[in-house]
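Trainee: Submitted below is the structure of interest, expressed as structure tokens.
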Amino acid sequence: MASGSSSSRKSLPAPDGVSLLLSHLVPDGGGGEKTRVAEDKTQSARTSSLLAPLSQGGYIDIVTITHAERMDTVGVPAWLRLAYRGGGELYTPWDLNMPASIPRRPVAHYRGDPPITVHGATTAGLLGCGLRKSDITPTMLRCVETAAGLLTRMDASFLSIRIEPSLADWAVAHDHGNYWLTPRQLSYLGFPIDLSYHPLLPVAKFPTEENPQQYLERLGAFYLHARQTAPDQSIVVVGNPGAIIYSRGQGPRVAEKLWKLCEAVEPLSVHAIRVGNNKVLEGQLRLLPLTPTVFKAREVERLAKKAKD
């Protein structure tokens, strides 16, 4: 998560993802704020946990953003083998969509913690143009890079990122703690990390295995913590697909269904909720749409035409 003030750096609570502070939902015709969509009527894990008593009164807007396009999901699963030809330790990009350089670390670590693509960094920056506040992110490199890209284009150099392992991927996917970069290592690489932040869930206590319900409960614990401790009325969380699934109130208890939901989430997806007064309302951000590729533009056009037919 990132935060700041005019006189010195300060930080907001951040999860294992990125969290930014936002201050606006879509305004109504009278110039006031408008919350779209009705109260979430399902007694989901999200609703029950977020409606726990606040330490301070009022409402809070929570905006969740998924990380940008990652190197292992652009149609070339063998990117590591091609980038490190001959089994060497020298990284050599072989495609213009690959970052020019990546942190020096064991190659095996990138299998579970890949960087984002050049296209991903660019689109993250474009989305950052529509956001103006602060940032929270997971320890995963792809989430930190996305958060940094958002901050760069948000003209928010005075903000810093807080690393929160609570927002990490489902524990069954990878052996997380063994390959994550530490906050100090990320800071050394040039990312604006808040080294004074103490995470809700330290890496040393991160679960080695968990079922879907335990995973969603872990995400819920962070969102409740952020809701109760954030000094502002808006928070932006940058994380993995699971975070936006939780934010939407989707809570599958079956592993196969959870995987399918995560696979369907697109890079840089955005979802907003407003919590307060015993309600969880879906919100609509005042952001311009982002169509990142010609292929996506054609898909949007196809779906729009299909909806009319």
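The sequence shown begins at 70 in the working numbering and counts up one residue at a time. Ideal Cβ placement from N, Cα and C applies to all residues, glycine included. Remember, predicted model here, so these are calculated numbers, not experimental data.
(1) Taking one C-beta from the segment 311 to 328 and one from the segment 285 to 296 each time, how about it: are there three or more such pairs within less than 8 Å?
(2) From the DSSP output, in three-state form, read off S338 for me.
(3) So, for F260: in the same chain, excluding its five sequence neighbours on each side, which residues have a beta-carbon less than 6 Å away from its beta-carbon?
(4) Extract the residue ranges of the beta strand (DSSP E) inside the segment 238 to 311, only unbroken runs of 3 or more that lie entirely within it.
(5) Looking only at its own chain, which residues have a Cβ that is under 8 Å from the Cβ of T161, when we skip the five neighbours before and after it?
(6) Is E138 closer than 7 Å to H178 when the C-beta atoms are compared?
(7) Kindly indicate if chain B contains any beta-carbon less than 7 Å away from that of A193.
(8) Answer yes or no: do Y257 and D182 have a C-beta to C-beta separation smaller than 7 Å?
(9) What is the residue span of the beta strand (DSSP E) that V132 lies within?
(10) For V213, which of helix, strand or coil comes out of DSSP?
(11) Quick one: what's got a C-beta closer than 8 Å to L327's C-beta in the same chain, skipping five residues either side?
(12) State whether the segment 191 to 199 contacts the segment 161 to 172, with contact taken as three or more CB pairs (one from each stretch) at a distance under 8 Å.
(13) Taking Cβ positions, are I129 and R296 nearer each other than 7 Å?
(14) Output the boundary residues of the beta strand (DSSP E) element that contains R154.
(15) Spatial neighbours of H340 within its chain, please: CB distance less than 7 Å, with the 5 preceding and 5 following residues excluded, ordered by chain position.
(16) Does DSSP put G181 in a helix, a strand or coil?
(17) Let me know the secondary structure DSSP gives I232 once reduced to three states.
(18) With H, G and I counted as helix, E and B as strand and the rest as coil, what does DSSP make of L149?
Mentor: Here's the rundown:
(1) yes
(2) Against the sequence shown, residue 338 aligns to sequence position 269. Looking at S338 - three-state DSSP - the assignment turns out to be coil, as it is neither helix nor strand.
(3) Residue numbering aside, residue 260 sits at position 191 when the sequence shown is read from its first letter. If we look at F260 and ignore the five residues flanking it on each side, its Cβ neighbours are V213 and A217.
(4) 303 to 308
(5) In the sequence shown, the residue the question calls residue 161 occupies position 92. Closer than 8 Å at Cβ, skipping near neighbours: A152, Y153 and R154.
(6) The residue you call residue 178 lines up with position 109 of the sequence shown. The residue you call residue 138 lines up with position 69 of the sequence shown. Contact check for H178 against E138 fails: the beta carbons are separated by 7 Å or more.
(7) This model lacks chain B altogether; it includes just one protein chain.
(8) Translated into positions along the sequence shown, residue 257 becomes position 188. Translated into positions along the sequence shown, residue 182 becomes position 113. With respect to D182, Y257 sits apart: the two C-beta atoms are not nearer than 7 Å.
(9) Working through the sequence shown from its first residue, we reach residue 132 at position 63. Looking at the DSSP string, the run of the beta strand (DSSP E) that includes V132 is I129 to T135.
(10) Taking the sequence shown and counting its residues from 1, one reaches residue 213 at position 144. Here V213 sits in helix by DSSP.
(11) Counted from its first residue, the sequence shown places residue 327 at position 258. Closer than 8 Å at the Cβ level, and outside the excluded window around L327, lie W239, P281, Y284, G311, I314 and P321.
(12) no
(13) Taking the sequence shown and counting its residues from 1, the one referred to as residue 129 is at position 60. Taking the sequence shown and counting its residues from 1, the one referred to as residue 296 is at position 227. Cβ atoms of I129 and R296: closer than 7 Å.
(14) Counting from 1 along the sequence shown, the entry for residue 154 is found at position 85. From DSSP, R154 is part of no beta strand (DSSP E); its letter is neither H nor E.
(15) Indexing the sequence shown from 1 puts residue 340 at position 271. Apart from sequence neighbours up to five positions away, the residues of its chain that approach H340 with a beta-carbon distance below 7 Å are T133, I313, S316 and R317, ordered along the chain.
(16) Taking the first residue of the sequence shown as 1, we reach residue 181 at position 112. G181 falls in the helix class under three-state DSSP.
(17) Your numbering for residue 232 matches position 163 in the sequence shown. It is a strand residue.
(18) Counting from one through the sequence shown, the residue named residue 149 turns up at place 80. Helix, per DSSP.
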